[in-house]
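In our numbering, the protein residues as written are 31 to 395.
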């Protein structure tokens, strides 16, 4: 009887040990799966790269297609290849094609696997404290563009982003991180949030602009501003050995604001994004290229459409035009301290009568 009892106890212990091992192993495997399937902007960029490359390299001859299917597949393949090269040239059709193709990839459940259930874990749309200021600005830009042809201008002015900041150095036009956070929270609450389709559009835009487009200035080419610039101020990262020195609060009078103090801090050229809006040169310090490498990539891509030559140390300054007529100037060392560009938009503002531009008394001829 005692032997039977011991045998039963032994069997139960072994069974319990096996169960514990199985549960632990299953949990570890699930953690590994979740880790492997963690979706980020970078992982989506990689999926898009792989899918685009496979589509372009894939042989159509082995697909056993009829004549009509073959022509359609071949045309799609050639259009993708051509559009990738044209989308940074001011070619609206190429931009739209590549962006749509990008969205198809990231929302394909077999490839990108982005869904309403995980999109907020990729971009924290509903948590402004975790959302990058650059993303807030671009989300606002996209939503304002939805309001019509002058949607961006109307809201940019409505929220006072074109107003100067009074400093001891004079008036400074700058849209800061604090400005864009304030406007983002107010505007998103006002409109009742962001729906899934809008989130997908922004995620698509982000993947597109980082891989094929013009980085943080990509959307600026589509809105009603006079000009946008990149790299035209600040110190080029990695080009000079510098010691960053921040003054202490004791070095300033009591009435100097934190913003004024920040103006004395060194800034890098990859942080320099400027726009000319209704004749005002405004620094968008709320957004950035994030790295010097990204600034260089955009500078090397933006001028290519009608370029007379290639940007090199031998030819460090080039003036060109984009397909839509926008005028582009790009430069690099040793002509300039940093890689930089200026893009003067074509037909970016509505026609205004001369008398409407003159606001002083006795303006009549």
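C-beta: ideal position from N, C-alpha, C; glycine also.
Residue 203 by DSSP, collapsed to three states: which one?
-> coil
Quick one: what's residue 265 bridged to in DSSP?
-> 298
Between the Cα of residue 296 and the Cα atoms of 205, 315, 308 and 287, which residue gives the shortest distance?
-> 315
Would you check if the segment 303-320 and the segment 240-247 touch, i.e. whether three or more CB-CB distances between them fall below 8 Å?
-> yes
Just mark residue 166 as buried or exposed, buried being the case when its beta carbon has 16 or more other beta carbons within 10 Å.
-> buried
Hey, residue 354 and residue 371 are a contact pair by Cβ (cut 8 Å); roughly how many whole angstroms apart?
-> Between residue 371 and residue 354 the Cβ distance is about 16 Å, and since that is not below 8 Å, they are no contact.
Residue 259 versus residue 85 - alpha carbon distance | 34 Å
Distance, Cα to Cα, residue 98 vs residue 131?
-> 21 Å
Please classify residue 57: is it buried, with 16 or more other beta-carbons within 10 angstroms of its beta-carbon, or exposed?
-> With a pLDDT of only 44 at residue 57, under 50, the local geometry of the prediction cannot be trusted, and no value is derived from it.
Less than 8 Å separating the beta-carbons of residue 124 and residue 116?
-> yes
Every unbroken alpha helix (DSSP H) inside the segment 119-166 [4 residues or more] | 122-137 and 149-152
Return the CA-CA distance between residue 342 and residue 140, expressed in angstroms with no decimal places.
-> 42 Å
Distance between residue 201 and residue 69 (C-alpha atoms, nearest Å) | 44 Å
What first and last residue would you give for the alpha helix (DSSP H) that runs through residue 258?
-> Looking at the DSSP string, residue 258 is not in any alpha helix (DSSP H); the run it does join, the beta strand (DSSP E), is 257-260.
Please specify which runs of the alpha helix (DSSP H), each continuous and at least 4 residues long, are wholly inside the segment 288-352, giving them in chain order.
-> 288-292 and 322-332
How is residue 212 classed by DSSP in three states: helix, strand or coil?
-> helix
Are residue 286 and residue 198 touching if we call contact CB-CB under 8 Å?
-> yes
Give a yes or no on whether the C-beta atoms belonging to residue 357 and residue 330 are separated by under 8 Å.
-> no
Rounded C-alpha distance that separates residue 312 from residue 203 | 5 Å
Three-state secondary structure (DSSP) of residue 358 | strand
Enumerated in chain order, which unbroken segments of the beta strand (DSSP E) with a length of 3 residues or greater are wholly contained in the segment 171-200?
-> 195-197
Would you kindly check if the distance between the Cβ of residue 136 and the Cβ of residue 142 is under 8 Å?
-> yes
Boundaries of the alpha helix (DSSP H) in which residue 241 is found, first to last residue = 226-241
In this structure, does DSSP put residue 376 in helix, strand or coil?
-> coil
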